[in-house]
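If you count by the working numbering, then the sequence shown holds residues 1 to 515, one letter each, in order.
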Amino acid sequence: MPLDEPFLKKNFARVATDLLTDIASGGGGRQPLTDATEGSVVRTLAEAFARELAVCYEQLDHVYRNAYLETAEGGSLDNVVALLGLKRRRGGYLEGVALFSRLTPAPEDIHIPAGTLVAGRDAPPCATIEPAVLARGERAVSVGIRAQETFDKPVVADQLNVMPRPIAGIESVRNPGDLLRRQREETDAELRLRAQGLVRAANTGTVSAIEEAARSAGIAEVHIIEQPGGQPGMMTVVLGDAEIPDPVFEEARNRIEAVRPAGIFARCERAITVYAQITATLEVDSQRDERERKAIEATLTQQLADYVGQLPIGATLREAKIRAILTGHEAVIGVEPTGTLPLLTPYAYGEDGKLVANTERYLVDKGDISPGLLGRVLLDLSTLPPRLSLEPSAVRARLAVRLTAKGTDNEVPPATRAALENALRQSVEQVNKTIQEQQAGQLSSARLATDLLKADVANALLEIRITVTHDRDGRAIELGNGKPEVLQANDRSDSFGNREQLLLEPVQWVVGQDV
């Protein structure tokens with residue numbers, strides 16, 4: 001980490017230039033000396049002094065940086081960590097690799113801090129030399145370890161199998177290979193990391209110390225609320241991991257109690273988990289086959305899970321952000337609700353242990369989900385996966401009409417057919433115009449029958465059968481089957497959503513006789 005310099009550091013060129021400028025100025029009543037050519041007495045003296053002063057600047061900077069843990073190196077770092085009672089570990093310590101694992105894929109990232117202890121029978125205590133993360137979806141992660149004390153006996157594979165401080169989510173640990181005795185000494189980076197861990201462990205009574213205490217029990221997500229509700233002397237420590245076992249929760253609470261400041265009451269709480277159900281209809285740029293649709297859904301589902309998974313405790317899940325993620329895919333050109341369902345629906349476990357929708361408590365203005373100060377929003381892809389419907393820009397609804405009309409020689413006259421089909425087309429055009437203007441429309445059997453009866457050849461029309469089939473969901477609706485007067489009296493209607501387009505299929509003609 002770069003340090004702010006408490007002094008203005010100048011290099012040789014800067015010092016020489018400033019000296020020559022000051023000498024030539026004649027400030028303070030001095031005689032100005034302006035002969036600054038190469039080899040002149042004035043320039044030679046100025047450059048000689050500038051060199052010595054530049055060396056002093058470098059030495060001062062070196063001394064300054066060697067006084068800090070973040071920038072000291074080599075022997076200077078040894079002197080700094082000696083203030084903490086630490087010494088650089090020389091060669092002769094056992095080193096190897098530990099494998100932290102679980103049987104099932106990790107539901108979330110599991111953090112393994114540097115200094116995590118690993119032990120076993122007849123083996124020295126070992127600690128990880130760097131932080132590691134068991135990534136979401138993975139089952140194991142390998143981390144370098146180093147013995148904390150010298151040990152003369154060999155440590156064979158699988159001899160280390162115990163975590164003195166269990167980490168939530170990690171089910172087992174082992175060393176897959178023998179530990180080898182390294183002759184190299186501890187590097188500056190390793191010594192610096194060990195010293196920083198000791199400093200954090202020694203600092204008690206601070207927010208960071210309390211967070212570190214909770215994480216040392218294997219809790220990955222920790223959020224601290226100071227003076228909740230304006231109550232002085234109070235703090236709430238919220239543990240955000242899902243499904244924290246009781247023993248781990250008690251261990252975290254005990255460690256928090258050990259480092260809390262005197263006179264401060266620390267209350268430890270599990271985060272209230274609110275699960276979000278995302279439901280949306282996505283308008284895509286073209287008709288997609290099943291393989292492409294599944295690929296788009298899988299990509300968007302993963303992006304949604306990644307975003308929601310990184311939300312901290314107390315953060316609101318914004319509907320606008322979810323829309324932005326969905327429309328961020330190159331194939332998606334619009335997002336709209338699916339029926340009457342909201343884009344975001346909050347769920348929480350009830351007293352009976354079942355997930356139930358709870359919109360009254362968690363759904364706020366603009367369709368956002370607010371879990372409250374003690375809550376956290378998550379996606380459960382196994383129980384409540386996002387429901388994404390992909391549809392092209394225009395979704396067809398097919399209008400099938402069978403007309404029974406008077407005719408001769410088993411044929412309806414062409415003039416009758418043309419007039420009635422034209423009336424049907426005008427009705428369909430009017431419905432499509434309404435859908436385009438109002439994002440919704442309706443087809444009524446009474447209205448369609450009335451439009452047909454307005455035709456010049458209406459007296460030839462005997463019966464009407466109307467059926468609408470929706471490509472969007474496969475619904476088939478029969479609006480009527482009978483005489484026009486019956487359809488007018490027994491009105492039935494069908495509704496069309498945004499982007500649906502009513503398509504009139506070829507009319508089926510039947511020759512009938514007036515009874």
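Ideal placement from N, C-alpha and C gives every residue a C-beta, glycine not left out.
Because the structure is a prediction, the values reported are computed rather than measured.
Query                                                                                                                                                                                              : Result
Please go through the same chain and pick out, in chain order, the residues whose beta-carbon is closer than 6 Å to the beta-carbon of glycine 197, but skip the five residues on each side of it. : Gly115
Cβ atoms of alanine 331 and aspartate 365: under 7 Å apart, would you say?                                                                                                                         : no
Is it buried or exposed, histidine 470, if we count other Cβ atoms within 10 angstroms and call 16 or more buried?                                                                                 : buried
Along the chain, where does the beta strand (DSSP E) that runs through valine 284 open and close?                                                                                                  : 272-284
Would tyrosine 362 and valine 308 be called neighbours here (beta carbons separated by less than 7 Å)?                                                                                             : no
Report, in whole angstroms, the separation of the C-beta atoms of glutamine 277 and leucine 381, which I expect to be a contact under 8 Å.                                                         : Not really, about 11 Å apart at Cβ, beyond 8 Å.
With respect to the alpha helix (DSSP H) encompassing alanine 415, which residues constitute its N-terminal and C-terminal limits?                                                                 : 414-438
Quick check: what's the CA-CA separation for isoleucine 369 versus leucine 193?                                                                                                                    : 40 Å
Could you check whether isoleucine 325 and valine 238 sit closer than 7 Å to each other, using their CB atoms as the reference points?                                                             : no
Using only CA atoms, which one of Val207, Arg215, Glu221 lies nearest to glutamine 227?                                                                                                            : Val207
On the DSSP bridge list, what partners appear for lysine 523?                                                                                                                                      : Not covered by the structure: residue 523. The range shown for the chain is 1 to 515.
May I ask you to report which of helix, strand or coil DSSP gives arginine 288?                                                                                                                    : coil
Report yes if the CB atom of leucine 453 is closer than 7 Å to the CB atom of proline 484, and no otherwise.                                                                                       : yes
Count the other CB atoms, across all protein chains shown, that sit within 10 Å of the CB of phenylalanine 49; report buried if there are 16 or more and exposed otherwise.                        : exposed
Am I right that valine 507 and leucine 424 are in contact with their C-beta atoms under 8 Å? What's the rounded C-beta distance?                                                                   : 7 Å
Going by the CB atoms, is the gap between alanine 214 and isoleucine 252 shorter than 7 Å?                                                                                                         : Note on residue identity: the sequence assigns alanine, not isoleucine, to residue 252. Result yes, Cβ atoms of alanine 252 and alanine 214 sit closer than 7 Å.
Taking glutamate 108 as the reference, give the member of Thr316, Glu421, Arg136 with the closest Cα.                                                                                              : Arg136
Report buried or exposed for aspartate 241, applying the criterion of at least 16 other Cβ atoms within 10 angstroms of its Cβ.                                                                    : buried
Just to confirm my understanding: we take phenylalanine 151, look at its own chain, exclude 5 residues before and 5 after, and list those with CB closer than 7 Å. What are they?                  : Leu94, Pro124
Quick check on the burial criterion: 16 or more other C-beta atoms within 10 angstroms. Buried or exposed for asparagine 11?                                                                       : exposed
Please say whether leucine 341 and tryptophan 509 have beta carbons closer to each other than 7 Å?                                                                                                 : no
How about arginine 43 and alanine 36: are their beta carbons less than 7 Å apart?                                                                                                                  : yes
Roughly how many angstroms separate the alpha carbons of arginine 121 and arginine 260, rounded to a whole number?                                                                                 : 34 Å
Quick one: what does DSSP say aspartate 61 is sitting in, helix, strand or coil?                                                                                                                   : helix
Mind reading off the beta-carbon distance from valine 173 to serine 142? Whole number of angstroms is fine, and I expect it under 8 Å.                                                             : In fact, because the Cβ distance is near 11 Å, the residues do not count as touching under 8 Å.
Beta carbon of leucine 191, beta carbon of arginine 65: below 7 Å?                                                                                                                                 : no
Within this structure, are the beta carbons of alanine 397 and glutamate 478 separated by less than 7 Å?                                                                                           : no
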